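There are 2 protein chains.
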Amino acid sequence: MSAMTTEPVRPAALLRIGELARRHNVSPDLLRVWERRYGLLSPERSAGGFRLYSSADDDRVGAMRRHLAQGYSAAVAARMVLDAPAAPPVADRDVALAEARAELGAALEAFLDVEAQGVIDRLLATFSVEVVLRDVVLPYVRSLGDRWEDGTLSVAQEHFASAVLRGRLLGLARGFDVGSGPRALLACPSDEHHDLGLLCFGIGLREHGWRITYLGADTPIDTLRDTAMRLDCAEREEPLRAVVREIAELSGTHRVALAGRGASVELAHGAGAGLLQDAPMAAAARVAAEAGRA
Amino acid sequence: MSAMTTEPVRPAALLRIGELARRHNVSPDLLRVWERRYGLLSPERSAGGFRLYSSADDDRVGAMRRHLAQGYSAAVAARMVLDAPAAPPVADRDVALAEARAELGAALEAFLDVEAQGVIDRLLATFSVEVVLRDVVLPYVRSLGDRWEDGTLSVAQEHFASAVLRGRLLGLARGFDVGSGPRALLACPSDEHHDLGLLCFGIGLREHGWRITYLGADTPIDTLRDTAMRLDCAEREEPLRAVVREIAELSGTHRVALAGRGASVELAHGAGAGLLQDAPMAAAARVAAEAGRA
DNA sequence: AAGAGTCTGTCCAAGTTTTGTTCACCAGTG
DNA sequence: CACTGGTGAACAAAACTTGGACAGACTCTT
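Keeping their order, the protein sequence lines are chains A and B.
Residue numbers -17 to 276, in the working numbering, belong to the letters of the first sequence in order.
Residue numbers -17 to 276, in the working numbering, belong to the letters of the second sequence in order.
Below you can see the structure in the form of structure tokens.
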């Protein structure tokens, strides 16, 4: 598991009921009642009889809360949690991913940090990074954008969701420049602040052995040029419009590709740059394959 | 902070109980009781029977306190400390921190992701989150800003460093809304894109038991208001200027504080808001303490 | 549409455990 | 001598336990 917190080891991390309750924003009474009625939890006991919960119990409470947030009744939710270990040979992968997407959205839009992180943890434990990004994170990011334009989503919800996802993605970006593959310099142009797609693309390339230098949102074209020169990097990607002349210049010495909503065939052609029209993860795979062939 | 120039913390230096207690802001009685009940410490004795603590004991007390702050009960915390392998001692804390800061800067400015991550890993293994943020990350972020204005640093370097640090900080922000403490809603106002300081402040508050909802950079004032209403949150922070009227309005129903370079006494006063002028980590400690007293 | 039954989270009360502090009294240190 | 430390017992507050009662929201039946 790649994205652990700072806690080094915790085999014996036992929590008492108050702390577990606090961590999930739930009352201690409720935890006891879930134990009594549904057998959801089976904590050890201290010498004096206090409940001591393991991290497995902790996970179960998180799952329970997620299911409740989805609208399941407590009894059903508990049953689902308890049956879960038997279920992970998930009947249908696509269904599981779709459900996860919905859960992730529900959690993020209700500002439930812990639950959202739990969904991502579970996904990463079951599926590859590529699949998680391609089939859950990116679709959700796209829907974020759409619904933000609609006004269906508040700016705060969009910001919160972005912050949580950016944290996870940057966590996955550890070791971005390790290895000996070709190097990609990734940046969004000036005034472009939506960098999550680019970040996913970078992680995708990384999975194919590339080294990434990630500059992120709102990067002026000339600092990009300078950095491309300075690093021995051979590639770059970026989404937008009227820096065509500079891009054209740069594409003389480096391979440049445009991507994202602002990119078009004409724009790319005019700048002498490549165009990435496919989805980020697919584009990453393709680019890596092409570079390998060359 | 510790102007105890009497002794330069030689590894062989043995502390008596009063000094150890003072260093950790804990009563001597408590140290004795931790020793008797949990066997946490095993000090040597002076000829006359006084306890003499080694630096390993010193570390154990620090670890104990950290676990306690995380919500573990004393018995469990002690067991975790005793089960964990002892960390190798650090010769001189301040020197180590200064060196780490230099290393971190060098790595980031040379676009060396792995090295930078390694420095942070090492720091977090040795020091508490609060210390690392206060004495390494925040000073470096500040110098980033300064040198960016100077032109000493390229935009790319600044962007890269920000991205790496933001990733780590957001990683530390996991479980931001866990618990039952007061809730803080954190955001930078519109057009403010430097959120690292705010993020550190949030982590600091978190360490003191607050729940955080983090919206990040460039958040319009009205979405902030709506979200403050929607969550039961009682607090908020944010750095800037001509949304004074809206802030004034909001400060009627919620506690509001301004911070950062754009904040001034007049501005805060005009908006009926508080002002955080001290360093982020200190401000976090202070705010938490004040709220606790109230 | 009213009533009965169910589900679910909260509240209560009396008793126990855990944990930090206090106290009384004596001893070591400088 | 003034101050700090050692010991052990007692203490008080916080946290927890058990078992049951209970109110609000549903669902099902009549």
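All C-beta atoms, glycine included, are put in the ideal place defined by N, C-alpha and C.
This structure is a prediction, so every number in the text was calculated from the model and none was measured.
In the DSSP output, what is residue i paired with across the bridge?
| i | result |
| --- | --- |
| G198 (chain B) | B:A169 |
| A241 (chain B) | B:L258 |
| L34 (chain B) | B:E26 |
| L(-3) (chain B) | B:Y35 |
| R193 (chain A) | A:R165 |
With a 10 Å radius around its C-beta and 16 neighbouring C-beta atoms as the bar for buried, classify residue i as buried or exposed.
| i | result |
| --- | --- |
| M46 (chain A) | buried |
| D117 (chain B) | buried |
| E131 (chain B) | exposed |
| H175 (chain B) | exposed |
| H251 (chain B) | exposed |
| R4 (chain A) | buried |
| A266 (chain A) | buried |
| E189 (chain B) | buried |
| R75 (chain A) | exposed |
| G87 (chain A) | buried |
| A145 (chain B) | buried |
| A138 (chain B) | buried |
| E112 (chain B) | buried |
| T134 (chain B) | exposed |
| E(-11) (chain A) | Model confidence at E(-11) (chain A) stands at a pLDDT of 38, short of 50, so the residue's coordinates are unreliable; what they give is reported in the following sentence. Exposed, by the Cβ-count rule. |
| G53 (chain A) | exposed |
| D260 (chain A) | exposed |
| M62 (chain B) | buried |
| A26 (chain A) | Sequence check: residue 26 (chain A) is Glu here, not Ala. Under this definition E26 (chain A) is an exposed residue. |
| E140 (chain A) | buried |
| V123 (chain A) | buried |
Of all Cβ atoms in chain A, is any one closer than 7 Å to the Cβ of residue i?
| i | result |
| --- | --- |
| D132 (chain B) | no |
| G153 (chain B) | yes |
| P202 (chain B) | yes |
| T108 (chain B) | no |
| G149 (chain B) | yes |
| Q99 (chain B) | yes |
| D159 (chain B) | yes |
| L197 (chain B) | yes |
| D41 (chain B) | no |
| D95 (chain B) | yes |
| H141 (chain B) | yes |
| A145 (chain B) | yes |
| S36 (chain B) | no |
| V113 (chain B) | no |
Assuming residue i and residue j are in contact, meaning their beta carbons sit under 8 Å apart, how far apart are those beta carbons, in whole angstroms?
| i | j | result |
| --- | --- | --- |
| L22 (chain B) | L50 (chain B) | Going by Cβ atoms, the distance from L22 (chain B) to L50 (chain B) rounds to 11 Å, so no, they are not a contact pair. |
| L151 (chain A) | I194 (chain A) | Not a contact, Cβ separation roughly 12 Å. |
| C182 (chain B) | L240 (chain B) | So it is not a contact: roughly 16 Å between Cβ atoms. |
| V43 (chain A) | L106 (chain A) | The pair is not a contact, with the Cβ atoms about 20 Å apart (cut-off 8 Å). |
| L90 (chain A) | P262 (chain A) | Going by Cβ atoms, the distance from L90 (chain A) to P262 (chain A) rounds to 20 Å, so no, they are not a contact pair. |
Spell out whether any CB of chain B is found under 7 Å from the CB atom of residue i.
| i | result |
| --- | --- |
| D128 (chain A) | no |
| D173 (chain A) | no |
| Q52 (chain A) | no |
| G163 (chain A) | no |
| L120 (chain A) | no |
| S136 (chain A) | yes |
| R156 (chain A) | yes |
| H251 (chain A) | no |
| L12 (chain A) | no |
| P70 (chain A) | Low confidence applies to P70 (chain A): its pLDDT is 49, below 50, so where it sits in the model is not reliable, and the reading given next is rough at best. Chain B contact via Cβ: absent. |
| R18 (chain A) | no |
| L(-4) (chain A) | yes |
| E85 (chain A) | no |
| E189 (chain A) | no |
| E1 (chain A) | yes |
| R33 (chain A) | no |
| P262 (chain A) | no |
| R27 (chain A) | no |
**contact_flag[the segment 159 to 174 of chain B, the segment 81 to 99 of chain B] where n(CB pairs < 8 Å) is 3 or more** = no
**Request:** Answer yes if the segment 202 to 216 of chain A comes into contact with the segment 175 to 184 of chain A, meaning at least three C-beta pairs across the two stretches below 8 Å, and no otherwise.
**Result:** no
**Request:** Could you tell me whether the segment -2 to 17 of chain B touches the segment 28 to 40 of chain B, where touching means 3 or more Cβ pairs closer than 8 Å?
**Result:** yes
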